[in-house]
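Beneath this line is the structure, given in structure tokens, with notes to follow.
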Amino acid sequence: MISEQLTANGFHEVMNNSLTKRAYYENNALYPLQECVALINPLSNDLSVMRRTLLYGGLENIAYNRNRKNNDLRLYEFGNCYRFDTGKRNGDKLTLAEYEEETHLGLWICGKRTRKNWEA
22 MISEQLTANG FHEVMNNSLT KRAYYENNAL YPLQECVALI NPLSNDLSVM RRTLLYGGLE
82 NIAYNRNRKN NDLRLYEFGN CYRFDTGKRN GDKLTLAEYE EETHLGLWIC GKRTRKNWEA
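Per the numbering used here, residue 22 is the first one in the sequence shown, and the count goes up by one each step.
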């Protein structure tokens, strides 16, 4: 229902990978690296942690489009974000209770507020 409303108002849905760059969370006070869910055997350094926020994927979408002269964007994404709760750790054993998964909605708007009309 929400996605239908967003699409009707000119937004385009994006779907980004839940695996993201570790560098986004290094020296990040809002999303500290120790709370990221790290992969034991990542395929690459670019995809070594699970995302904590939808923000970075959306910014990558904007950068990709702006580099191709597509400046007026309205994007949204429904996606899961993951967190390792260090406060729930009980000794050296890892349990599922230490991991959290939440569904988030991300909205990104950039460029001109209204598009050029062919009649103008």
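Glycine included, each C-beta is placed from N, C-alpha and C at the ideal position.
Remember, it's a predicted structure, so these values are computed and weren't measured experimentally.
| Query | Result |
| --- | --- |
| First and last residue of the uninterrupted beta strand (DSSP E) at T28 | Run containing T28: none in the beta strand (DSSP E); it sits in the alpha helix (DSSP H), I23 to A29. |
| Proximal residues to G100 (C-beta, below 8 Å), its chain only, five neighbours per side dropped | M36, N37, S39, R72, L75, G78, T124, H125 and G127 |
| Among Y45, R95 and L117, nearest to A29 - alpha-carbon criterion | R95 |
| Nonlocal neighbours in the same chain, by C-beta distance under 8 Å from I83, ignoring five residues either side | L94, L96, W129 and C131 |
| For E122 and Y103, believed in contact at Cβ under 8 Å, the rounded distance | 5 Å |
| For A146, the three-state DSSP class (helix, strand or coil) | Summary: the structure shown does not reach residue 146, with the chain confined to residues 22 through 141, and so no result is reported for it. |
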